[in-house]
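Asker: Right, I'll just put the structure down here and ask away after.
2 protein chains.
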Amino acid sequence: MNCIIAQSGGPTSVINSSLAGAIQAAIDNDFDQIFLSLHGIEGIIKGEFLEVDKKKFKLNEAKDRLMARPSSILGSCRFKLPEDLKDETYNKIFTFLKEKDINVFVYIGGNDSMDTVKKLNTYILYNKIYGINVIGCPKTIDNDLNGMDHSPGFGSAAKYIAHTLRTIRADVDVYDLESVTIVEIMGRHAGWLAASSLLADYGYCKDLVNLVYVPEVDKSLKDIENDVKNKLKEEKNIIIAMAEGFRDIDHSLDKPMFSNTDDGFKHPVVSGFAKRLADYLRDKLKVKSRSVELNIVQRTSTCISKTDSDEAFKLGYLALKLGIDKSNLIPVLRRKEGKDYEVSYTEVEPDLIANKEMKIPKDWLKDENTLREKITAYALPLIQGEVDQTYENGMPVFVELSDFTK
Amino acid sequence: MNCIIAQSGGPTSVINSSLAGAIQAAIDNDFDQIFLSLHGIEGIIKGEFLEVDKKKFKLNEAKDRLMARPSSILGSCRFKLPEDLKDETYNKIFTFLKEKDINVFVYIGGNDSMDTVKKLNTYILYNKIYGINVIGCPKTIDNDLNGMDHSPGFGSAAKYIAHTLRTIRADVDVYDLESVTIVEIMGRHAGWLAASSLLADYGYCKDLVNLVYVPEVDKSLKDIENDVKNKLKEEKNIIIAMAEGFRDIDHSLDKPMFSNTDDGFKHPVVSGFAKRLADYLRDKLKVKSRSVELNIVQRTSTCISKTDSDEAFKLGYLALKLGIDKSNLIPVLRRKEGKDYEVSYTEVEPDLIANKEMKIPKDWLKDENTLREKITAYALPLIQGEVDQTYENGMPVFVELSDFTK
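Residue numbers (UniProt numbering), protein chains in the order written: chain B, 1 to 406; chain D, 1 to 406.
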């Protein structure tokens with residue numbers, strides 16, 4: 001048996017844990033050749049791939065080192081497969097898979113990538129291809145994947161954000177004058193990460209994060225102004241955690257338009273609203289006001305949750321194993337009922353995930369205290385434990401592809 | 001004997017190590033009362049202060065926990081003492097110091113704060129005050145303090161920047177298309193921190209950081225465009241490390257003016273140029289281009305260099321000790337000649353530091369390779385070793401003032 005593994009979509013801090021899991025499962029299940037496609041499905045289309053050297057993988061402790069290495073080590077792509085199954089691209093992909101005698105293809109990615117998994121399986125079905133199983137493995141920091149309790153990648157990003165908000169609070173409190181600090185956090189359509197900034201407050205007797213603005217909640221500029229004014233009565237230095245996709249309901253600050261129309265992948269550039277809002281509040285309230293964009297560091301940091309990393313590993317492992325007998329599936333996490341955090345693993349079809357988005361439940365957004373309570377119960381277990389880095393010369397050293405490939 | 005300690009200027013990740021050092025020295029030298037002024041000199045003027053509880057300090061391991069706690073725990077200010085020594089402010093300060101029987105006042109801060117130390121000593125001299133010694137203790141992440149080999153605070157910021165650049169490189173390499181990522185790093189007039197991003201490259205066979213722009217070097221927009229074009233011939237995804245104070249020589253992108261005239265302390269807002277440059281390059285070179293501002297996180301992160309923290313502690317310790325017999329001095333670091341990194345401690349007068357700035361030497365800036373070589377030899381020893389954080393519930397927990405004060 002041979003297999004191929006690829007990574008797609010935006011990086012996370014634990015996407016390589018899923019890769020490590022899939023490789024480990026292939027080794028444990030006596031796969032002959034374990035291929036790694038570079039830059040997602042594009043590597044298969046272009047024939048750019050590597051092969052795992054099982055001896056080196058073990059010898060160089062690549063499993064543990066992959067679990068400490070943020071961002072997609074295989075590279076990624078944002079390639080959307082054509083709707084037309086007769087398109088030449090499909091032929092190229094399956095010619096490659098047959099040539100290399102691939103039995104299992106594991107695609108680690110987000111909802112766009114699960115669309116790829118879905119289409120490849122439709123192609124398999126229509127063309128009656130036997131012996132090639134295509135399995136998805138979920139990842140995203142945004143936690144907006146449907147059909148599961150939470151997405152691998154979210155816990156580590158939430159941990160980084162909560163950790164960073166604690167240090168930002170330490171900075172913000174330094175001066176004895178009124179100030180507003182708006183922290184812009186990833187999340188285009190869902191506010192999971194912005195909301196998880198509230199974890200920073202856990203165990204403190206005062207709030208470190210004072211206001212949270214997420215795309216799921218409607219606020220006018222006037223509402224925001226009033227929120228800030230009221231908070232400033234209680235607290236000198238206020239911190240607002242804001243999802244990058246949040247806008248005031250009237251889009252009052254959207255003109256002039258944001259710097260560019262798209263990021264090169266047809267996703268519009270949405271960040272930068274925090275800066276505008278900071279300017280607006282400074283002007284209106286005559287208060288020191290600034291914005292901090294956490295930017296790409298939040299999806300690629302070495303602040304990795306052990307819980308998240310272990311779960312991502314397990315999902316990768318299960319994905320590869322599922323592919324031995326089945327196709328068109330994605331392993332996912334379910335949370336067991338009960339006081340203590342415990343998960344079970346099951347699987348769903350890509351149709352449940354592809355092109356869909358999970359948002360924060362409406363009843364969590366009733367008021368700030370409810371959101372704080374709900375998100376803490378939900379996300380605190382996901383940020384537990386730390387993954388140690390290997391330091392050399394004062395900096396973390398990451399595993400390289402050459403450490404475990406031929 | 002009594003003493004008082006205060007922190008001033010912008011936070012650093014090790015400014016509390018200097019505080020820990022000063023407190024420890026006061027305990028070791030049998031000071032009776034150890035006061036802590038809140039928000040720098042303003043605490044003395046307003047009578048806002050705390051007193052160290054020596055038993056709690058020991059019992060709660062405050063020394064070690066302060067050395068792991070980023071950002072000024074006593075708060076800070078940007079208060080500039082009046083030039084006129086007859087101003088009422090001086091009277092207020094010395095009335096307080098006499099009332100509390102203060103023999104030693106240690107002021108931990110940057111070049112603005114050393115101006116305060118200088119003025120207080122001039123006041124002491126003119127008014128023939130005996131028994132009150134005012135000593136400075138240096139800190140700044142910018143490394144622009146004159147009269148010393150390097151500033152405490154710089155090593156940790158450099159460590160955070162180099163560390164973060166490694167993770168940004170891991171993110172940037174993910175897509176198989178040309179891209180430019182501009183990382184905006186603190187430094188208004190000196191490029192020490194931007195240059196120290198080059199440490200990220202150490203031990204790698206390819207450059208992780210491709211271009212460095214610092215305020216000390218003149219570049220036109222055309223020069224930058226050509227630099228980027230040339231680098232893109234060798235490397236698909238290029239990273240530019242840019243000091244926030246860097247501008248193209250013609251200031252072509254300065255209009256419309258930056259968001260606000262000052263940050264509330266009469267320091268102009270200088271950040272945001274990276275975003276404009278990213279927009280410009282995207283437009284000119286038709287390339288995916290983005291900016292990442294490291295922002296306040298770089299001065300307040302938990303990525304603390306053990307070397308830096310230990311040196312900051314020692315300087316705080318020496319500052320308090322110096323104050324027992326002398327006034328108008330600042331302990332500083334000197335680097336010993338020789339292959340291995342070793343420092344000695346000496347002291348200088350505040351006049352050498354106050355209101356001055358140390359820039360990167362001209363001969364380091366001859367070309368990129370020279371800068372890489374020079375900054376590596378200079379700064380690599382300063383980022384060695386890690387200070388462990390105490391984690392609870394997946395997040396770092398910091399020492400609080402109430403853990404070691406009455």
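Ideal Cβ positions, reconstructed from N, Cα and C, are used throughout, including at glycine.
These numbers were taken from a predicted model, which means no experiment stands behind them.
In chain order, what residues of the same chain have a beta carbon less than 6 angstroms from the beta carbon of residue 197 of chain D, not counting five sequence neighbours either side?
Answerer: Same-chain partners within the cutoff: 161, 165, 209, 241.
Asker: How many Å lie between residue 387 of chain D and residue 356 of chain B at the Cα?
Answerer: Whole-angstrom Cα-Cα distance: 43 angstroms.
Asker: When DSSP labels each residue in this structure, what does residue 264 of chain B get in the three-state scheme?
Answerer: Its pLDDT being 44, under 50, residue 264 of chain B is placed unreliably in this model, and the value from its coordinates should be taken loosely. In the structure shown, residue 264 of chain B sits in coil (DSSP, three-state: anything other than H, G, I, E or B).
Asker: Does the structure place the segment 41-57 of chain D close enough to the segment 87-96 of chain D that three or more beta carbon pairs sit under 8 angstroms?
Answerer: Touching, yes.
Asker: Looking only at its own chain, which residues have a Cβ that is under 7 angstroms from the Cβ of residue 385 of chain D, when we skip the five neighbours before and after it?
Answerer: So the list reads 305, 306, 307, once near-sequence residues are dropped.
Asker: Could you pull out every residue in the same chain whose Cβ sits closer than 6 angstroms to the Cβ of residue 389 of chain B, ignoring the five residues on either side in sequence?
Answerer: Taken in chain order, the residues that qualify are 68, 302, 396.
Asker: How would you list, in chain order, the residues of chain B whose beta-carbon sits under 9 angstroms from the beta-carbon of residue 203 of chain D?
Answerer: Neighbours of residue 203 of chain D on chain B, chain order: 392, 393, 395, 397.
Asker: Taking Cβ-Cβ distances below 7 angstroms as the criterion, which residues of the segment 151-165 of chain B are in contact with chain D?
Answerer: Result list: 159, 162, 163, 164.
Asker: Would you please verify whether the beta carbon of residue 260 of chain B is less than 8 angstroms from any beta carbon of chain D?
Answerer: Model confidence at residue 260 of chain B stands at a pLDDT of 47, short of 50, so the residue's coordinates are unreliable and nothing is read from them.
Asker: Less than 8 angstroms between the C-beta atoms of residue 186 of chain B and residue 354 of chain B, yes or no?
Answerer: Cβ distance not < 8 angstroms, so residue 186 of chain B and residue 354 of chain B don't count as in contact.
Asker: Which parts of the segment 160-192 of chain B are runs of the beta strand (DSSP E), unbroken and 3 residues or longer, counting only runs that do not cross its ends?
Answerer: Fully enclosed beta strand (DSSP E) runs of 3 or longer: 179-185.
Asker: Quick one: which residues of the segment 101-112 of chain D get their C-beta closer than 9 angstroms to a C-beta of chain B? List them in chain order.
Answerer: Within the segment 101-112 of chain D, no residue has a Cβ that lies closer than 9 angstroms to any Cβ of chain B.
Asker: Restricting to Cα atoms, I'd like to know which of B:382, B:276, B:404, B:394 is closest to residue 394 of chain D.
Answerer: Comparing Cα-Cα distances from residue 394 of chain D to each of B:382, B:276, B:404, B:394, the minimum goes to B:382.
Asker: Tell me whether residue 282 of chain B sits in a helix, a strand or coil according to DSSP, three-state version.
Answerer: Note: residue 282 of chain B maps to helix in three-state DSSP.
Asker: Within the segment 30-81 of chain B, note down every full beta strand (DSSP E) run reaching 3 residues or more, in order along the chain.
Answerer: As far as the segment 30-81 of chain B is concerned, its whole beta strand (DSSP E) runs of at least 3 residues are 33-37, 49-51.
Asker: Within 8 angstroms, do at least three Cβ pairs link the segment 102-113 of chain D to the segment 285-300 of chain D?
Answerer: Cβ pair count under 8 angstroms is below three, so no.
Asker: First and last residue of the alpha helix (DSSP H) that includes residue 94 of chain B?
Answerer: Taken as a continuous stretch (DSSP letters only), the alpha helix (DSSP H) holding residue 94 of chain B covers 88-99.
Asker: So, at 6 angstroms on beta carbons, what are the nonlocal neighbours of residue 414 of chain B in its own chain, with the 5 sequence-adjacent residues on each side left out?
Answerer: A question about residue 414 of chain B goes unanswered here, because the residues of chain B that appear run from 1 up to 406.
Asker: Using a cut-off of 7 angstroms between C-beta atoms, extract the partners of residue 76 of chain B located in chain D.
Answerer: Chain D residues near residue 76 of chain B: 174, 175.
Asker: Out of B:33, B:22, B:177, point me to the one whose CA is closest to residue 62 of chain B's CA.
Answerer: Among B:33, B:22, B:177, the Cα nearest to that of residue 62 of chain B belongs to B:22.
Asker: Looking at the C-beta of residue 11 of chain B, does it have a partner C-beta in chain D at a distance below 8 angstroms?
Answerer: It does; some Cβ of chain D falls within 8 angstroms.
Asker: Extract the residue ranges of the alpha helix (DSSP H) inside the segment 277-349 of chain B, only unbroken runs of 4 or more that lie entirely within it.
Answerer: Complete alpha helix (DSSP H) runs here, min 4: 297-300, 306-325.
Asker: Give me the Cβ distance between residue 5 of chain D and residue 36 of chain D, rounded to the nearest whole Å; I'm assuming they're in contact under 8 angstroms.
Answerer: At roughly 6 angstroms, the Cβ-Cβ gap stays under 8 angstroms, so residue 5 of chain D and residue 36 of chain D are in contact.
Asker: Can you find a CB in chain B that lies within less than 8 angstroms of the CB of residue 22 of chain D?
Answerer: No, its Cβ sits nowhere closer than 8 angstroms to a Cβ of chain B.
Asker: Please report whether the beta-carbon of residue 384 of chain B lies at a distance below 8 angstroms from any beta-carbon of chain D.
Answerer: Yes, contact with chain D.
Asker: If you check the beta carbons only, do residue 223 of chain B and residue 192 of chain B fall under 8 angstroms apart?
Answerer: Contact flag unset, no.
Asker: What first and last residue would you give for the beta strand (DSSP E) that runs through residue 399 of chain B?
Answerer: Run containing residue 399 of chain B: none; DSSP gives neither H nor E here.
Asker: Can you round the beta-carbon distance between residue 137 of chain B and residue 10 of chain B to whole angstroms, since I take them to be within the 8 angstroms contact cut?
Answerer: Going by Cβ atoms, the distance from residue 137 of chain B to residue 10 of chain B rounds to 15 angstroms, so no, they are not a contact pair.
Asker: Could you tell me which chain D residues have their CB closer than 7 angstroms to the CB of residue 305 of chain B, listed as they occur along the chain?
Answerer: Near residue 305 of chain B (Cβ distances below 7 angstroms), the residues of chain D are 394.
Asker: Any beta carbon of chain D sitting closer than 8 angstroms to that of residue 167 of chain B?
Answerer: True, the Cβ-Cβ gap to chain D drops below 8 angstroms.
Asker: Take residue 265 of chain D and list the residues in its own chain whose beta-carbon comes closer than 6 angstroms to its own, dropping the five residues that flank it on each side.
Answerer: Note that residue 265 of chain D scores a pLDDT of 46, beneath 50, so its modelled location is shaky; the value from the coordinates is reported in the next line. Taken in chain order, the residues that qualify are 78.
Asker: Check whether the segment 321-334 of chain B touches the segment 165-185 of chain D, taking contact to mean three or more Cβ pairs, one atom from each stretch, closer than 8 angstroms.
Answerer: Not touching, per the Cβ criterion.
Asker: Just how far apart, CA to CA, sit residue 338 of chain B and residue 377 of chain B?
Answerer: Roughly 12 angstroms between the two C-alpha positions.
Asker: If the cut is a Cβ gap below 7 angstroms, which residues of chain B does residue 70 of chain D touch?
Answerer: Near residue 70 of chain D (Cβ distances below 7 angstroms), the residues of chain B are 167, 170.
Asker: For residue 301 of chain B, return the contacting residues in chain D, with the cut-off set at a CB-CB distance below 9 angstroms.
Answerer: Under the 9 angstroms cutoff, chain D gives 164, 167.
Asker: Which bits of chain B does residue 296 of chain D rub up against, with CB to CB less than 7 angstroms?
Answerer: Neighbours of residue 296 of chain D on chain B, chain order: 168, 171, 292.
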